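What follows is a set of notes on a single structure, which appears directly below.
Protein chains: 2
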Amino acid sequence: MTARTSPESARDIPEATVARLPVYLRALVSLSEEGTATCSSEELALAAGVNSAKLRKDLSYLGSYGTRGVGYDVDYLRYQIAREIGVTQDWPVVIVGIGNLGQALANYSGFRSRGFRVVALLDADPARHEQVVAGIDVRPFDHLERIVRDHSVAIGVIATPAVAAQDVADRMVACGITSILNFAPTVLTVPAEVDVRKVDLSIELQILAYHEQRKTQGAVTA
Amino acid sequence: MTARTSPESARDIPEATVARLPVYLRALVSLSEEGTATCSSEELALAAGVNSAKLRKDLSYLGSYGTRGVGYDVDYLRYQIAREIGVTQDWPVVIVGIGNLGQALANYSGFRSRGFRVVALLDADPARHEQVVAGIDVRPFDHLERIVRDHSVAIGVIATPAVAAQDVADRMVACGITSILNFAPTVLTVPAEVDVRKVDLSIELQILAYHEQRKTQGAVTA
DNA sequence: TCCGGTTTGTTCTCCTGTTCACAAACTCCT
DNA sequence: AGGAGTTTGTGAACAGGAGAACAAACCGGA
Chain A
1 MTARTSPESA
11 RDIPEATVAR
21 LPVYLRALVS
31 LSEEGTATCS
41 SEELALAAGV
51 NSAKLRKDLS
61 YLGSYGTRGV
71 GYDVDYLRYQ
81 IAREIGVTQD
91 WPVVIVGIGN
101 LGQALANYSG
111 FRSRGFRVVA
121 LLDADPARHE
131 QVVAGIDVRP
141 FDHLERIVRD
151 HSVAIGVIAT
161 PAVAAQDVAD
171 RMVACGITSI
181 LNFAPTVLTV
191 PAEVDVRKVD
201 LSIELQILAY
211 HEQRKTQGAV
221 TA
Chain B
223 MTARTSPESA
233 RDIPEATVAR
243 LPVYLRALVS
253 LSEEGTATCS
263 SEELALAAGV
273 NSAKLRKDLS
283 YLGSYGTRGV
293 GYDVDYLRYQ
303 IAREIGVTQD
313 WPVVIVGIGN
323 LGQALANYSG
333 FRSRGFRVVA
343 LLDADPARHE
353 QVVAGIDVRP
363 FDHLERIVRD
373 HSVAIGVIAT
383 PAVAAQDVAD
393 RMVACGITSI
403 LNFAPTVLTV
413 PAEVDVRKVD
423 LSIELQILAY
433 HEQRKTQGAV
443 TA
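From first to last, the protein sequence lines are chains A and B. When we follow my numbering, the leftmost residue of the first sequence carries the number 1, and every step to the right adds one. When we follow my numbering, the leftmost residue of the second sequence carries the number 223, and every step to the right adds one.
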């Protein structure tokens with residue numbers, strides 16, 4: 001009940017903060033590329049689109065990496081955040097479902113530059129096995145187990161139609177994948193130890209539509 | 223200061239609830255297609271991946287559409303949620319940036335089926351103006367103003383590279399778009415009355431990586 | 001060495017969202 | 001008609017995150 005903190009830097013970071021760290025990291029990379037050596041919480045907050053108090057509080061969970069009266073060393077902070085998130089290491093990733101979206105994902109340069117390496121593209125449709133996408137052969141879905149084992153893959157991306165998604169997730173879980181990024185518009189059921197994040201395009205649009213409807217309401221509806 | 227509620231069904235719904243309504247809607251559509259006429263909060267909650275108390279509370283913001291001892295009429299509730307979100311009406315949408323991702327979005331059937339109609343695909347690159355994607359001509363970005371005016375477009379989707387995104391957003395705002403869905407990995411600055419939602423692929427992966435690192439930590443690091 | 005100016009780290013308060021638990025309300029069977 | 005069983009809607013406790021505000025700590029100049 002006492003020693004909740006593990007030996008390393010493992011004070012547990014709030015989920016909301018974890019979700020913002022990658023934004024800060026990106027802002028720091030930009031600043032670094034512009035040649036900025038030091039920045040205040042105010043500047044970084046502006047670049048990240050949050051307020052400075054929240055930024056400072058978020059960073060304080062990682063440790064005391066700033067200097068009062070001065071600000072943060074851009075490269076140092078950048079490294080600390082990258083290490084905390086885990087993007088200093090290499091993350092092999094498998095993408096299943098190589099339709100339009102899967103191809104877009106395979107070609108997305110933002111993965112590679114952040115430590116994510118696409119080790120395989122899989123698709124159940126034999127017609128797609130001829131293709132080469134982003135320099136990678138599309139292979140049969142059945143190869144999943146072998147690939148996951150050979151490359152120690154922990155993260156899987158699902159970009160299949162909704163009907164196939166649960167089966168794909170089950171297979172992924174069965175062969176040891178513990179983190180899933182799901183683009184299929186369906187709710188996945190997985191064991192508690194597996195993390196799932198979902199990205200749902202039409203839901204985002206529907207949320208916008210709701211607010212949009214609110215804006216114009218009252219003006220039109222007499 | 224007193225009359226905060228507008229005449230219609232405009233008791234303000236919490237943001238967290240708004241984000242879940244589309245999920246419920248999708249679950250209801252599935253149930254309806256399976257021929258289910260009635261469902262309990264427990265069943266619907268299971269299908270939507272939330273707990274039943276939260277579901278009931280969410281639905282209670284819309285009104286009392288259930289029957290105690292019985293449950294919810296699937297089609298009736300489906301219509302009520304659709305109306306509340308605004309997907310019973312037609313939403314013209316413009317997509318800017320017809321690279322891999324833009325093409326995937328243009329081809330995504332989930333938009334059309336929920337009242338979103340892609341009225342134009344725009345790209346700054348003249349090489350793309352020859353193309354036809356998802357049955358729609360790709361047109362020059364300069365046509366934005368005219369298209370937005372002619373079709374009363376309120377929602378814009380940005381799928382350009384990061385460097386172009388802010389310019390695109392500015393142009394969208396200037397010609398009257400008030401809701402933006404941003405896929406470019408950058409922070410957009412817009413006036414307060416404009417809604418922006420961002421979908422960031424690499425951030426999602428980084429969040430997974432953080433948790434993944436936590437899982438394996440301690441076991442490996444001696 | 002001391003002082004004014006600057007910026008971080010943190011505490012405290014407020015607000016939003018989640019979950020529990022239960023009364024109210026409905027159906028069905030006798 | 002009445003009672004047992006079921007399910008909704010909601011009040012209340014609880015948890016988590018956001019923002020304001022300020023003390024502690026640092027720099028530079030005299």
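In this text, a Cβ means the ideal position worked out from N, Cα and C, and glycines have one as well. As the structure is a computational prediction, the values presented were derived from the model and not from experiment.
Item, Value
"At the 8 Å Cβ level, is residue 223 (chain B) part of the contact set with chain A, yes or no?", "Since pLDDT at residue 223 (chain B) reaches only 33, below the 50 mark, its modelled position is unreliable, and the value read off the structure follows with that caveat. No, residue 223 (chain B) does not count as interfacial toward chain A."
"Only counting the same chain, and skipping five residues up and downstream in sequence, which positions put a Cβ closer than 7 Å to that of residue 30 (chain A)?", "47"
"Under three-state DSSP, which class holds residue 294 (chain B)?", "strand"
"By how many angstroms is the C-alpha of residue 18 (chain A) removed from the C-alpha of residue 44 (chain A)?", "16 Å"
"Just to check my reading of the structure: residue 73 (chain A) and residue 36 (chain A) have Cβ atoms closer than 8 Å, yes? What is that Cβ distance to the nearest angstrom?", "About 10 Å separates the two Cβ atoms, so there is no contact after all."
"Quick check on residue 117 (chain A): does DSSP put it in helix, strand or coil?", "strand"
"If you run the structure through DSSP and keep just helix, strand and coil, what is residue 67 (chain A)?", "strand"
"From residue 247 (chain B) to residue 351 (chain B), what distance separates their C-alpha atoms?", "37 Å"
"Excluding sequence positions up to five away, which residues of its chain have a Cβ less than 7 Å from the Cβ of residue 224 (chain B)?", "Reliability of the predicted coordinates at residue 224 (chain B) is poor, the pLDDT of 31 falling under 50, and the value obtained from them is presented with this limitation in mind. The answer is none, since no qualifying residue turns up."
"Just the C-alpha distance for residue 105 (chain A) and residue 317 (chain B), rounded to the nearest angstrom, thanks.", "18 Å"
"Give the range of the beta strand (DSSP E) segment to which residue 139 (chain A) is assigned.", "136-140"
"Which term fits residue 420 (chain B), buried or exposed, when burial requires 16 or more other beta carbons within 10 angstroms of its beta carbon?", "buried"
"Take the Cβ of residue 409 (chain B) as the centre, count every other Cβ of all protein chains shown within 10 Å, and call the residue buried at 16 or more, exposed below.", "buried"
"Do you know how far the Cα of residue 169 (chain A) is from the Cα of residue 143 (chain A)?", "15 Å"
"Would you verify that the beta carbon of residue 353 (chain B) is, or is not, closer than 8 Å to some beta carbon of chain A?", "no"
"In angstroms, rounded to a whole number, what distance separates the CA positions of residue 396 (chain B) and residue 383 (chain B)?", "20 Å"
"Is the Cβ-Cβ distance between residue 93 (chain A) and residue 117 (chain A) less than 8 Å?", "yes"
"Along chain A, in chain order, which residues have C-beta atoms closer than 7 Å to that of residue 433 (chain B)?", "179 and 195"
"State yes or no: is the beta carbon of residue 86 (chain A) nearer than 8 Å to at least one beta carbon in chain B?", "yes"
"When DSSP builds the beta bridges, which residues end up paired with residue 420 (chain B)?", "B:404"
"Any chance you could list the beta strand (DSSP E) runs of at least 3 consecutive residues sitting entirely within the region 300-357 of chain B, in chain order?", "313-318 and 338-345"
"Check whether the Cβ of residue 203 (chain B) lies closer than 8 Å to any Cβ atom in chain A.", "Because chain B in this structure spans residues 223 to 444, residue 203 (chain B) falls outside the shown range and cannot be described."
"Between residue 53 (chain A) and chain B, is any beta-carbon pair separated by less than 8 Å?", "no"
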